[in-house]
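S.K.:
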Amino acid sequence: NAGVTQTPKFQVLKTGQSMTLQCAQDMNHNSMYWYRQDPGMGLRLIYYSASEGTTDKGEVPNGYNVSRLNKREFSLRLESAAPSQTSVYFCASSDIRGLDGYTFGSGTRLTVV
Amino acid sequence: QQQVKQSPQSLIVQKGGISIINCAYENTAFDYFPWYQQFPGKGPALLIAIRPDVSEKKEGRFTISFNKSAKQFSLHIMDSQPGDSATYFCAATSGYSTLTFGKGTMLLVSP
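Protein chains in written order, with our numbering: chain Z, 18 to 130; chain B, 1335 to 1445.
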C-alpha cells in the first residue's frame, strides 16, 4: 500500500539511551515532516525537510536531530532520551506546498523511563 | 508566533445531531485551511480543506464555513454518526510554510 511507513511502532527507552525513528514514503513527495503528539498539545512540528538535501527546525527541535537520507527516507534521532520526550511521534510527507494534504504514518509510541 | 486556536477541546453529540468545531487564527497571510481527522491508533488524515476565496465548502456531511473578516473557520458535521467519533484538527498555512495545527477536538457521537 502506498503511504508513509514508520518503524518501530512501539519503543521503551531508559533515560539517556539513544534511538532512531525511521520513516519512508513511496509517494514521490518532496517534503517530509516529524511531529510529536501529546495530550492537550495537538501536533507540534519537530523538524521538516522541504526537499531532499534540506532540513529545518520546527516548533520543538531541542533534543532531536534529523537526517534526510534520500527522497524517500527521513529519520529522527534522539541522542539522549529524556522522560519529557515520551510521546507519540508521527512522520508525514507532502508535495512541495502540501495542498493535496499531508500523508501521515501510523505513529511510533515512545516511552522514556 | 503563528497560532490557530481550536475549540471546544472535547464534544459529545447524539447520533443524528450536528457537530460544530471552531478555529480562529491571527495571521492574515494564511491562505489554506484544512481539517484533519484522526482515529485512535492512527495518523491524522486530510478530511476537507478551504481557500479564503470562498465562504463555504461542502463534502458529503462535512462542511467548512469560513469568515475571513473574523479570521475564523469552522467544521460542521451534519447527521453525526458513531463512526465520526475521532479527534479533529484544524490547520492553516501560507505560501510554502508548514501547517500550523490547532490543539484538536475529541468528538464522541453517542448512539
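Heads up, the beta-carbon is just placed ideally off N, CA and C, and yes, glycines get one too.
Kindly indicate if chain Z contains any beta-carbon less than 7 Å away from that of B:PHE1435.
M.R.: For B:PHE1435, the answer is yes, since a Cβ of chain Z falls inside 7 Å of its Cβ.
S.K.: Buried or exposed for B:ALA1363, please, with buried defined as at least 16 other CB atoms from any protein chain shown within 10 angstroms of its CB.
M.R.: Its Cβ having fewer than 16 others within 10 Å, B:ALA1363 is exposed.
S.K.: Looking at the unbroken beta strand (DSSP E) that takes in Z:ASP55, where does it start and where does it end?
M.R.: Z:ASP55 -> beta strand (DSSP E) spans 48-55.
S.K.: Answer yes if the region 86-106 of chain Z comes into contact with the region 42-57 of chain Z, meaning at least three C-beta pairs across the two stretches below 8 Å, and no otherwise.
M.R.: Taking 8 Å as the limit for Cβ pairs, the verdict is that the region 86-106 of chain Z does touch the region 42-57 of chain Z.
S.K.: Any Cβ of chain Z within less than 7 Å of the Cβ of B:LYS1376?
M.R.: Answer yes: the Cβ-Cβ gap between B:LYS1376 and chain Z drops below 7 Å somewhere.
S.K.: So, for Z:PRO100: in the same chain, excluding its five sequence neighbours on each side, which residues have a beta-carbon less than 6 Å away from its beta-carbon?
M.R.: For Z:PRO100, where only same-chain residues beyond five positions count, the Cβ hits under 6 Å are VAL129.
S.K.: What are the start and end residues of each continuous beta strand (DSSP E) run of 3 or more residues lying completely inside the region 63-109 of chain Z, in chain order?
M.R.: Taking only runs of at least 3 residues, the beta strand (DSSP E) segments lying wholly in the region 63-109 of chain Z are 81-85, 91-95.
S.K.: So which residues on chain Z does B:GLY1438 lean against when the C-beta distance must stay under 7 Å?
M.R.: Neighbours of B:GLY1438 on chain Z, chain order: GLY59.
S.K.: In whole angstroms, what separates the C-alpha of B:CYS1357 from that of B:ASP1387?
M.R.: Approximately 17 Å between the Cα atoms of the pair.
S.K.: Z:ARG126 lies in the beta strand (DSSP E); which residues open and close that run?
M.R.: Note, Z:ARG126: beta strand (DSSP E), 125-129.
S.K.: Taking the straight line between their C-alpha atoms, what separation do you get for B:THR1427 and B:ASP1365?
M.R.: If I take the Cα positions, the gap works out to 6 Å.
S.K.: Considering only the beta carbon of each residue, do B:PHE1407 and B:PHE1423 sit closer than 7 Å?
M.R.: No; because the gap between Cβ atoms is not below 7 Å, this pair is not in contact.
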